[in-house]
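Have a look at the structure below, then the notes.
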Amino acid sequence: MRILFSGLAALGLVMAVTAAQAEPIKIKFSHVVADSTPKGQAALEFKKLVEQRLPGKVVVEVYPNSQLYGDSKEMEALLLGDVQIIAPSLSKFSKFTKKLQVFDLPFLFDDIHAIDRFQKSKTGQALLTSMESKGYTGLGYWHNGMKQLSANKALRVPEDAKGLKFRIQPSDVLEAQFKALGANPQKMAFAEVYQALQTGTVDGQENTWSNIYSQKFYEAQKYITETNHGVIDYMVVTNTKFWKGLPADIRTVLAKSMDEATAYGNKLAYDINEGDKKKIMASGKSEIITLTKQQQAAWRKAMAPVYKQFEPDVGQDLINAALASNKAS
Ligand code: LMR
């Protein structure tokens, strides 16, 4: 009896020690842009909040700049459980849902405020859970900003883009957009873009000011046309099984921290992009072309055929809901 008792006591002690030494939950957060960008800043804010609130219980490791995984690899790694959170651009989900293609339709949103309203609407929020059956759970939308067109040729009217090769994200809508201009789009991972521009594998690309600046694309491109023709925003996604398997109290803190990091990054996004635009201007390495109203209208018209092509996939209802967000309610 005595032996049994002391045996049980020893076992209890071992269990207590093991519990006290329990490894913290590790969250690897992989992304492809620089720390200085809106996404980079929001990811670091998430890490800070989580580690303040769950010391010793959760550790968040942020891997920027495709350091751990590039575009398509990070999507696979999330499903395999090799990373726990990623935040790909909304243009990179078309393998999993056609609905998010709505964000790629050219000239759909007037500005980042309209995009914010759409993402916060019931329709926008419902899209966060639209890929759960595929293993991805959306935790929020993060802003980057509006896209600009860069090239080694001055692009003032749509005809200027004819015959040029443009790097695009892996999106059929973006492919159609450049084909509508008579250009040659090439799908390519973000990490490969700088070199492709430098070596002339492609003549141009489309991106936000913060990406053009932080990846030094402006050093390899003579012109950047301020078209604001589309958006690069993100869906922060986690592995559905991992998320649902977390202890409820931990998950609650993570979700709250994610909401706060989202608000933090989204508030910074516009200013980061405007600041980076000014830095590019000041560098004198790339000429920034501002379009007249007439020129802007010509780009809009040239890209418009894309809508007809993707309406069956995206759905007119979703397009209408997105268009409605251009009017502040
Ligand atoms: C791109 O591939 O150009 C962007 O989606 C990169 C990013 O994450 O902003």
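Numbering (mature numbering (1 follows the signal peptide of the UniProt record, and there is no 0)), first residue to last: -22 to -1, 1 to 307. Each residue gets a CB set at the ideal place from its N, CA and C atoms; glycine is no exception. None of these values were measured; they are calculated from a predicted model.
In the DSSP annotation of this structure, the continuous segment of the beta strand (DSSP E) that includes residue 143 starts and ends at 143 to 146. The Cβ-Cβ distance between residue 38 and residue 7 falls below 8 angstroms. Annotation for residue 244: the continuous alpha helix (DSSP H) segment containing it runs 226 to 261.
Taken in chain order, the unbroken stretches of alpha helix (DSSP H) that lie wholly in the stretch 148 to 229 and span 4 residues or more are 150 to 158, 171 to 177, 187 to 192, 218 to 223. In this structure, residue 111 lies away from residue 77, with their beta-carbon atoms at least 8 angstroms apart.
Apart from the 5 residues on each side of it in sequence, residue 41 sits with its Cβ closer than 6 angstroms to the Cβ of 8 in its chain, given in chain order.
Taken in chain order, the unbroken stretches of beta strand (DSSP E) that lie wholly in the stretch 98 to 126 and span 3 residues or more are 114 to 124. Per DSSP, reduced to three states, the secondary structure at residue 67 is strand.
Counting only unbroken stretches of 4 or more residues, the alpha helix (DSSP H) elements lying wholly within the stretch 1 to 61 are 16 to 31, 49 to 58, in sequence order.
Distances from the CA of residue 245 to each of 195, 17, 278, 2 were compared; the closest alpha carbon is that of 17. With respect to residue 45, residue 217 sits apart: the two C-beta atoms are not nearer than 8 angstroms. According to DSSP, residue 303 shares a beta bridge with no other residue. No Cβ-Cβ contact shorter than 8 angstroms links residue 56 with residue 231.
The alpha carbon of residue 252 has as its nearest neighbour, out of 305, 163, 122, the alpha carbon of 122.
Per DSSP, reduced to three states, the secondary structure at residue 139 is helical. A residue is called buried once 16 or more other Cβ atoms fall within 10 Å of its Cβ, and residue 261, having fewer, is exposed.
If you look at residue 87, you'll find it isn't in any alpha helix (DSSP H); DSSP assigns it neither H nor E. In terms of CA proximity to residue 241, 27 leads the group 198, 4, 157, 27.
Judged by DSSP in its simplified three-state form, residue 129 adopts strand.
Residue 29 and residue 163 have their alpha carbons spaced roughly 42 angstroms apart. Going by C-alpha positions, residue 140 is about 16 angstroms away from residue 283. Distance from the CA atom of residue 91 to the CA atom of residue 249, rounded to whole angstroms, is 13 angstroms.
Set against 7 angstroms, the gap from the CB of residue 122 to the closest heavy atom of ligand 1 is smaller. By the CB criterion at 8 angstroms, residue 194 and residue 212 fall outside the cutoff. The straight-line gap separating the alpha-carbon atoms of residue 53 and residue 266 is approximately 34 angstroms. With a beta-carbon spacing of about 6 angstroms, residue 186 and residue 125 fall inside the 8 angstroms limit used to define contacts. For residue 268, the enclosing beta strand (DSSP E) begins and ends at 265 to 268.
By the CB criterion at 8 angstroms, residue 273 and residue 134 fall inside the cutoff. If you check the C-beta of residue 210 against ligand 1, you find a heavy atom less than 7 angstroms away. Taking C-beta atoms as the reference points, residue 215 and residue 119 fail to come closer than 8 angstroms.
By the neighbour-count criterion, in which a residue is buried when 16 or more other Cβ atoms sit within 10 angstroms of its Cβ, residue 116 is buried.
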